[in-house]
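Residue numbers (the working numbering): 3 to 481.
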Ligand SMILES: [Zn+2]
């Protein structure tokens with residue numbers, strides 16, 4: 003720990019050195035970006051897609067999410083407000099920038115032409131404002147970003163960036179299903195620094211080779227009962243593989259001699275995917291599904307099993323990070339049963355096109371609030387839930403509605419001693435911290451940075467396959 007701090011201060015000093023010399027020579031330095039000596043303790047931002055209090059709390063009460071329970075015990079919680087619509091590229095970029103989609107520039111999955119035909123995929127280059135990884139890098143703070151939305155192509159950050167590409171799982175677009183990106187062998191600009199690329203892809207290959215065993219470890223033996231259910235199950239593999247890859251990469255960063263970066267952001271997306279695909283299997287009643295139906299017998303434990311996996315991942319990360327680490331666990335939205343919608347479409351077993359209505363039995367159509375847990379250095383304990391009530395007895399109604407996805411970036415910056423931009427609509431969640439929010443700066447988007455933005459127009463793959471796939475999933479159109 004001591005070494006890490008000295009190193010990070012050393013880095014900040016090194017960055018200061020040039021302007022100071024210029025100043026000494028009488029040349030007025032141009033005001034550079036705000037600098038920081040780094041956080042007092044490492045910060046771990048774990049983004050978990052679609053993780054829902056209403057699904058987590060029954061497991062927590064049963065003692066099955068011990069790591070989440072311990073984090074809540076020593077920290078503070080809330081149900082985090084989100085934006086609508088809850089499309090991942092928009093929300094996760096708002097989490098990273100503290101700005102609304104209209105301001106950060108990532109408003110959708112794809113760009114449309116004037117006639118509303120989808121033409122190309124949104125990429126990192128469409129972002130018009132700094133994300134936390136840019137602000138931190140420019141401040142001399144080391145930052146690792148692993149699997150975060152809209153990070154392809156990677157940017158030159160002060161740390162590791164492993165992109166999540168907005169792309170279909172098969173380059174020829176023959177496959178439907180994935181809504182979230184992953185690493186793609188053979189595509190450039192997915193890893194920064196380039197010197198880490200071989201190591202990252204080696205780990206990715208290891209995860210891929212061991213995926214069947216990993217899944218059996220998480221879910222036991224899952225046996226689909228017909229073609230539709232087999233397709234639904236195999237459609238989730240890409241998300242599980244991406245999560246296991248991101249987790250392994252994060253753990254490898256923490257295991258280095260120098261320890262983890264000052265700030266690390268890791269994204270896990272499988273909780274959203276299983277919520278969509280297997281909500282009815284988990285809560286069958288409202289769908290008119292019997293407890294002994296094939297669906298429940300095959301998939302009834304998929305959602306709780308994946309929540310247990312996310313909890314175990316949290317435990318492994320916290321064990322690998324120093325004890326004084328500040329944890330920010332944030333989700334982009336919650337997840338609810340779509341039984342009403344499914345009934346309207348003809349119930350589980352029938353629909354207008356004669357297909358089973360099982361692929362979207364859970365969702366987040368009304369911007370349902372997500373999970374927020376803050377714990378560790380500079381975090382006050384016990385807020386956002388009833389004082390004196392044991393964590394193991396918490397109900398959904400006990401969790402306070404507080405904060406928004408827009409507050410995550412300002413709060414993260416405060417933990418690093420940096421002021422948020424006046425152009426960020428969110429606030430520092432000061433009530434949860436034992437430090438005051440640093441004074442705001444007018445903006446972090448200095449002209450030099452904006453000018454230096456690279457616009458290669460590079461796409462992760464031929465976008466046509468991904469566009470077809472998003473169409474199949476109902477993400478395109480006038481809505
Ligand atoms: Zn979702």
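All residues carry an ideal CB built from backbone N, CA and C; glycine is no exception.
Assigned secondary structure, residue i (DSSP; H/G/I helix, E/B strand, else coil)
| i | result |
| --- | --- |
| residue 297 | helix |
| residue 114 | strand |
| residue 158 | coil |
| residue 459 | coil |
| residue 143 | coil |
| residue 189 | coil |
| residue 404 | strand |
| residue 288 | helix |
| residue 312 | helix |
| residue 43 | coil |
| residue 134 | helix |
| residue 306 | helix |
| residue 410 | helix |
| residue 395 | helix |
Pairwise C-alpha distance: residue j and residue i
| i | j | result |
| --- | --- | --- |
| residue 111 | residue 120 | 10 angstroms |
| residue 409 | residue 459 | 30 angstroms |
| residue 74 | residue 384 | 8 angstroms |
| residue 358 | residue 321 | 43 angstroms |
| residue 267 | residue 50 | 11 angstroms |
| residue 443 | residue 226 | 55 angstroms |
| residue 430 | residue 138 | 16 angstroms |
| residue 427 | residue 102 | 8 angstroms |
| residue 378 | residue 318 | 16 angstroms |
| residue 372 | residue 396 | 16 angstroms |
| residue 223 | residue 279 | 17 angstroms |
| residue 282 | residue 340 | 8 angstroms |
| residue 469 | residue 220 | 32 angstroms |
| residue 200 | residue 255 | 15 angstroms |
| residue 82 | residue 46 | 18 angstroms |
| residue 130 | residue 67 | 39 angstroms |
| residue 187 | residue 210 | 11 angstroms |
| residue 92 | residue 108 | 5 angstroms |
| residue 375 | residue 329 | 8 angstroms |
| residue 62 | residue 398 | 11 angstroms |
| residue 140 | residue 300 | 50 angstroms |
| residue 58 | residue 305 | 10 angstroms |
| residue 393 | residue 251 | 31 angstroms |
| residue 449 | residue 425 | 14 angstroms |
| residue 422 | residue 195 | 27 angstroms |
| residue 307 | residue 33 | 51 angstroms |
Other residues of its chain near residue i: CB distance less than 6 angstroms, five sequence neighbours each side excluded
| i | result |
| --- | --- |
| residue 52 | 273, 274, 277 and 337 |
| residue 462 | 154, 167, 169 and 189 |
| residue 161 | 144, 145, 146 and 263 |
| residue 113 | 121 and 122 |
| residue 98 | 133 and 134 |
| residue 413 | 430 and 431 |
| residue 95 | 106, 108 and 152 |
| residue 42 | 379 |
| residue 56 | 398 |
Cutoff 7 angstroms; reference residue i; Cβ partners in own chain excluding five residues on either side
| i | result |
| --- | --- |
| residue 290 | 349 and 350 |
| residue 404 | 80 and 386 |
| residue 293 | 286 |
| residue 198 | 162 |
| residue 391 | 400 |
| residue 388 | 400 |
| residue 312 | 50, 53, 270 and 273 |
Neighbour-count burial assignment, residue i, 16 or more Cβ in a 10 Å radius
| i | result |
| --- | --- |
| residue 71 | buried |
| residue 38 | buried |
| residue 228 | exposed |
| residue 334 | buried |
| residue 158 | exposed |
| residue 116 | exposed |
| residue 438 | exposed |
| residue 236 | exposed |
| residue 452 | exposed |
| residue 192 | buried |
| residue 342 | exposed |
| residue 106 | buried |
| residue 86 | exposed |
| residue 447 | buried |
| residue 77 | buried |
Same chain only: Cβ atoms within 8 angstroms of residue i, ignoring 5 sequence neighbours per side
| i | result |
| --- | --- |
| residue 360 | 230, 231, 234, 279, 282, 297 and 350 |
| residue 244 | 149, 166, 182, 183, 184, 185, 271 and 272 |
| residue 239 | 213 and 217 |
CB contact check: residue i to chain C, cutoff 8 angstroms
| i | result |
| --- | --- |
| residue 60 | Note that chain C does not occur in the displayed structure, where there is just one protein chain. |
>> Can you tell me which residues fall inside 6 angstroms of ligand 1, judged by beta-carbon distance to its nearest heavy atom, and keep chain order?
In response: 52, 274, 278 and 366
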